[in-house]
Amino acid sequence: MSVDILMPALSPTMEEGTLSKWLVKEGDKVEPGDLIAEIETDKATMEVEAIDDGIIGKILVSEGQESIKVNSPIAVLLSEGEKLSDNKSSNEVKKEIKSELQNINENILQINGVKDDAQISKNISDISNKPDPKLNKKERIFASPLAKRIAKQRDIPLSSILGSGPQGRILKIDVDNFDNKKSDNTSLDSLEINNFEIVKNSAMRKTIAERLVKSKNEAPHFYLSLDCNIDELLKIRKTLNSKSNDEYKISVNDMIIKASSTTLLKVPKANASWENENTKYYNTTDISVAVAIEGGLITPIVKNVQSKGLLEISMDMKTLANKAKDGKLQPEEYIGGSFSISNLGMYGIKEFSAVINPPQGCILAVGSGEKRPIVINNEISIATIMTVTLSCDHRVVDGAVGAEFLSEFKNLIENPSLMLL
Amino acid sequence: MSNVDYDIIIIGGGPGGYVAAIRASQLGMSVALVEDKHLGGICLNWGCIPTKALLRASEIRHMLDNLDEFGFTVSNIKMDINNITSRSRKVASQLSSGISHLLKKNKVKVFEGFGSLAKDSSNMKKIIIKTKDNIINKTSNNVILATGARSRNLPFVSSDGVNIWDYKTAMTPPKLPSSIVIVGSGAIGMEFASFYNDLGVDVTILESLPSILPNEDNDISNIVKINFEKRGIKIKTNTSLKSVKNNKNSITAEISTNDKIEIINSEKLILAVGIIANTEKLGLENFNIKIDRGHVVTNEFLETDEKNIYAIGDLTKGPWLAHKASHEGILCVEKIAGYKNLEPIDKTSIPGCTYCRPQVASIGMTELQAKSNNLNIKIGKFPFIGNGKAIALGDSEGLIKTIFNKDTGELIGAHMVGPEVTELIQGFSIAKKLETTEYELMHTIFPHPTLSEGIHESVLDAYNKAIHY
Chain W
11 MSVDILMPAL SPTMEEGTLS KWLVKEGDKV EPGDLIAEIE TDKATMEVEA
61 IDDGIIGKIL VSEGQESIKV NSPIAVLLSE GEKLSDNKSS NEVKKEIKSE
111 LQNINENILQ INGVKDDAQI SKNISDISNK PDPKLNKKER IFASPLAKRI
161 AKQRDIPLSS ILGSGPQGRI LKIDVDNFDN KKSDNTSLDS LEINNFEIVK
211 NSAMRKTIAE RLVKSKNEAP HFYLSLDCNI DELLKIRKTL NSKSNDEYKI
261 SVNDMIIKAS STTLLKVPKA NASWENENTK YYNTTDISVA VAIEGGLITP
311 IVKNVQSKGL LEISMDMKTL ANKAKDGKLQ PEEYIGGSFS ISNLGMYGIK
361 EFSAVINPPQ GCILAVGSGE KRPIVINNEI SIATIMTVTL SCDHRVVDGA
411 VGAEFLSEFK NLIENPSLML L
Chain L
457 MSNVDYDIII IGGGPGGYVA AIRASQLGMS VALVEDKHLG GICLNWGCIP
507 TKALLRASEI RHMLDNLDEF GFTVSNIKMD INNITSRSRK VASQLSSGIS
557 HLLKKNKVKV FEGFGSLAKD SSNMKKIIIK TKDNIINKTS NNVILATGAR
607 SRNLPFVSSD GVNIWDYKTA MTPPKLPSSI VIVGSGAIGM EFASFYNDLG
657 VDVTILESLP SILPNEDNDI SNIVKINFEK RGIKIKTNTS LKSVKNNKNS
707 ITAEISTNDK IEIINSEKLI LAVGIIANTE KLGLENFNIK IDRGHVVTNE
757 FLETDEKNIY AIGDLTKGPW LAHKASHEGI LCVEKIAGYK NLEPIDKTSI
807 PGCTYCRPQV ASIGMTELQA KSNNLNIKIG KFPFIGNGKA IALGDSEGLI
857 KTIFNKDTGE LIGAHMVGPE VTELIQGFSI AKKLETTEYE LMHTIFPHPT
907 LSEGIHESVL DAYNKAIHY
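As structure tokens, then:
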């Protein structure tokens with residue numbers, strides 16, 4: 011019997027993906043474990059493996075096709091000797107697929123290494139069973155056949171044209187007007203003609219946009235800032251690294267991760283998420299760390315920091331950062347987390363406020379450590395000062411809780427030996 | 457504004473005015489309609505409708521003359537022109553009373569009288585209505601002028617209802633003449649030519665332009681010319697009428713063809729040389745209403761330069777067709793009602809029909825117009841001789857010609873001559889309105905066997921895919 015290979019949900023947030031590359035062609039024989047395609051998700055590029063053996067009967071989506079909905083068929087797998095059946099209408103196929111969704115998800119596709127992680131599989135099946143909200147949201151654009159054709163000829167996306175017809179139907183005149191407007195503008199200011207470049211938004215960019223807009227729209231942000239003297243911390247770091255024999259290199263950021271974790275254990279109210287009916291308090295401190303990568307950023311998680319030492323944290327962070335830069339992070343390595351850190355100190359940024367990484371309750375924005383004059387005992391002296399700003403979701407973290415967090419954090423950073431306790 | 461009588465007063469009860477009145481009433485406005493002569497206007501009383509009744513009779517006459525083709529032999533066929541015209545009058549009066557009923561049902565107040573605009577110091581519009589025996593003053597917030605047009609005379613000859621006829625006399629001849637000269641080969645001239653020819657009258661058509669049906673595509677015009685000449689109709693193009701001498705029982709016309717003078721004699725002469733808008737006695741001169749070449753100037757939503765005064769139909773710029781007037785009536789009423797996103801009328805999407813035998817129908821640009829607009833075009837042609845239904849009907853003369861924009865596939869024009877093409881043209885109207893390209897038309901399933909298959913074939917032919925030709 012022929013089996014449809016479906017677009018896999020490679021992460022809980024994935025609603026659609028881009029088929030970036032086919033690794034097989036029609037007629038190819040595949041065995042379980044063979045890589046069949048590369049898929050660009052909202053976060054990374056991943057490879058899809060075949061689970062059943064058989065022959066690729068038909069490839070249903072072309073390379074480079076975007077916005078393929080999770081669970082829509084991407085190819086048909088035939089058993090040996092079988093021919094592509096015409097009897098089944100695609101609707102019937104779709105219906106069957108829906109009912110067997112879970113089954114198929116479990117059976118025919120396996121994603122590199124993800125399968126074993128119970129939490130992720132649960133997330134995936136949760137998402138695949140939920141009706142896709144985006145499916146309803148994404149409205150058909152009404153346009154006359156002529157308008158569609160002319161827009162295509164002129165390379166104008168229909169979504170950028172305002173329709174003047176009934177119920178906003180796009181007519182030829184709207185495409186013409188769009189074109190005229192464009193050429194009017196350019197003729198007005200010919201300097202601008204080639205002054206920009208249109209770059210298609212990647213799945214990751216769209217996810218970043220969606221999540222951050224959601225965060226800013228839904229989470230009432232407030233910000234608390236504090237200066238930390240890090241001279242002592244730098245001294246300890248130097249001592250630690252001097253003993254490494256180049257086997258490790260603890261960074262200031264590693265120490266901030268540890269300090270954040272220890273602070274969260276002391277102020278557990280800041281280690282929380284808003285869930286409308288409930289507030290979720292995390293028992294572990296899983297620290298998401300923003301990493302800039304080509305075309306965007308991602309927040310890999312250093313998990314269970316509360317039970318890790320600086321060395322382990324440092325090693326974890328190094329591995330995660332490298333994987334992030336190569337686009338090789340697995341979903342469980344970036345989905346979740348209870349608290350985030352964004353550090354722009356290496357760029358010399360003095361201080362900034364970050365957007366909360368939903369559904370977490372707080373994010374700590376870390377500025378650069380710089381020598382500043384400070385007043386101690388009515389005398390001016392010089393110290394290395396790092397300004398940190400905590401962004402809090404006021405639904406779960408009140409001002410007093412945020413302040414308590416920061417003052418405890420400062421205490422730890424300025425007295426790093428306390429972290430040993 | 458407190459004592460205003462109506463939201464809208466409409467002057468003229470033709471296909472523009474009465475349709476506007478009903479629409480305004482539907483939208484909850486108080487409406488009065490002022491009509492001097494007959495509800496339904498020229499179209500219904502002395503134009504579109506009664507001529508269709510006459511042409512039905514002449515078609516039957518043509519069929520009777522060819523009954524043997526279908527296996528019948530009928531002898532002793534008698535014809536009474538008075539019975540033919542009285543049926544035509546009955547059809548018109550039935551419809552006119554139907555309009556009266558519709559207006560009543562829609563609570564439109566109808567004044568029988570001649571309406572005109574008067575200056576008023578307030579913001580209201582004042583209308584003076586001269587009825588048979590008194591003068592009524594009414595006020596409104598908006599006025600729609602829909603007074604239509606009448607047939608044009610020539611400077612040296614006017615219709616007299618005896619030997620020189622306008623459309624009215626031509627529709628109600630006391631007896632069938634032996635010969636008629638028809639001046640003008642637009643829709644009206646052509647319909648009368650076809651009618652009288654089928655009833656056995658010797659017909660001559662004079663046209664000052666190089667071809668008959670000058671607004672139609674050349675291919676279509678040529679087919680009609682060949683058909684008419686085959687039937688014995690004399691067609692003189694590039695010919696103008698110089699003078700007419702009215703004898704007692706006939707006329708003598710001096711005509712000039714390419715500067716060659718010729719004298720022709722005929723029993724009657726029909727003037728069908730166009731129309732003049734009825735702009736007089738409406739009081740327009742007291743308002744900021746512009747008139748250009750005899751027609752009232754409006755913006756795309758039919759408003760004149762005088763705020764809240766609108767003009768629709770034959771009173772305004774052409775094409776002078778009933779369906780254009782009706783559509784304008786609805787458009788301007790909806791504009792008055794404050795509708796948003798209204799579309800002005802696209803004049804390239806107004807179909808035109810001529811009900812001579814063979815019928816002619818068209819929409820959009822002719823081949824010549826498309827070429828003079830420098831459009832890159834593809835042309836499809838399908839003759840009815842390739843259509844099974846047309847052959848079965850015994851009526852397979854004709855052509856469907858389609859013109860597409862080669863670059864975009866836009867349907868630019870459709871031109872038809874042949875059986876029932878006036879009923880077929882709406883397919884192209886819808887296609888144009890929905891902005892279909894050749895693709896949708898090609899992939900539409902047309903029922904077999906029908907004349908409409910010719911539409912399909914013509915479109916296919918434009919892209920070299922015709923099956924039956």
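Residue numbers (my numbering), protein chains in the order written: chain W, 11 to 431; chain L, 457 to 925.
Glycine is no exception: its CB is placed at the ideal position from the N, C-alpha and C atoms.
From a predicted model like this one, the values you see are computed outputs, not experimental measurements.
With respect to the C-alpha of I465(L), the residue from P903(L), I806(L), T858(L) and Y766(L) having the closest C-alpha is Y766(L).
Note that the C-beta distance between I859(L) and I841(L) is not below 8 Å. Each residue's CA atom was taken as its position, placing A846(L) and K690(L) some 27 Å apart.
Residue burial is scored here from C-beta neighbours: I69(W) has at least 16 other C-beta atoms within 10 angstroms and is therefore classed as buried. With distances taken between CA atoms, Y291(W) lies nearest to V407(W) out of I78(W), V407(W), T28(W) and V34(W). Each residue's CA atom was taken as its position, placing V659(L) and N829(L) some 37 Å apart. Pairing C504(L) with N683(L), the inter-Cα distance amounts to about 23 Å. Where Q550(L) is concerned, the enclosing alpha helix (DSSP H) starts and stops at I537 to K561.
By the neighbour-count criterion, in which 16 or more other beta carbons inside 10 Å mark a residue as buried, K191(W) falls on the exposed side.
Per DSSP, M821(L) is not a residue of any alpha helix (DSSP H), being assigned neither H nor E.
For Y895(L), the closest Cβ of chain W is nearer than 8 Å. Per DSSP, R606(L) is one residue of the beta strand (DSSP E) stretching across A605 to S607. Between A728(L) and I638(L), the gap from beta carbon to beta carbon is short of 8 Å. A distance below 6 Å between beta-carbons, with the five flanking residues on each side excluded, links S852(L) to the following residues of its chain, in chain order: F840, I841 and A846. The beta carbon of G865(L) sits closer than 8 Å to some beta carbon of chain W. Apart from the 5 residues on each side of it in sequence, T272(W) sits with its Cβ closer than 7 Å to the Cβ of L422 and M429 in its chain, given in chain order.
For A793(L), no beta strand (DSSP E) encloses it, and the DSSP letter there is neither H nor E.
Collapsing the DSSP output to three states places N211(W) in coil. Under the three-state reduction of DSSP output, I768(L) falls in the coil class, being neither helix nor strand.
The residues G27, T28, S30 and A213, in chain order, have a CB closer than 7 Å to that of E50(W) in the same chain once the five nearest residues on each side in sequence are set aside. Interface annotation for the region 168-185 of chain W against chain L: S174, L181 and K182, criterion Cβ-Cβ distance under 7 Å.
What A157(W) touches in chain L, judged by beta-carbon distance under 9 Å, is E891, going in chain order.
Within the same chain, Cβ atoms closer than 8 Å to the Cβ of E723(L) are found at N619, P633, S634, S635, I636, N705, S706 and I707, the five residues on either side in sequence being excluded.
Taking 3 residues as the minimum length, the beta strand (DSSP E) runs contained wholly in the region 646-733 of chain L are 658-662, 690-692, 695-702, 707-713, 716-722, 724-727 and 731-733, in order along the chain. Distance from the CA of L897(L) to the CA of E25(W), rounded to the nearest whole angstrom, comes to 37 Å. The straight-line gap separating the alpha-carbon atoms of E90(W) and A19(W) is approximately 28 Å. Minimum Cα-Cα distance from I856(L) among the listed residues G910(L), D461(L), H904(L) and I661(L) corresponds to G910(L). In the structure shown, M56(W) falls within a strand segment according to DSSP collapsed to helix, strand and coil.
Residues of the region 785-804 of chain L that bring their beta carbon within less than 8 Å of a beta carbon in chain W comprise N797 and E799, in sequence order. By the neighbour-count definition (other C-beta atoms within 10 Å, threshold 16), A477(L) is a buried residue. I61(W) is the residue among I61(W), A219(W) and G347(W) whose C-alpha sits nearest the C-alpha of K39(W). If you check the CB distance, P629(L) and T541(L) come in under 8 Å. In the DSSP assignment, I390(W) forms a beta bridge with V385(W). For T858(L), the uninterrupted beta strand (DSSP E) segment begins and ends at L855 to N861.
Rounded to whole angstroms, the gap between the alpha carbons of D654(L) and N702(L) is 26 Å. By the Cβ-count criterion, Y357(W) is exposed, with fewer than 16 other Cβ atoms from all chains shown falling within 10 Å of its own Cβ.
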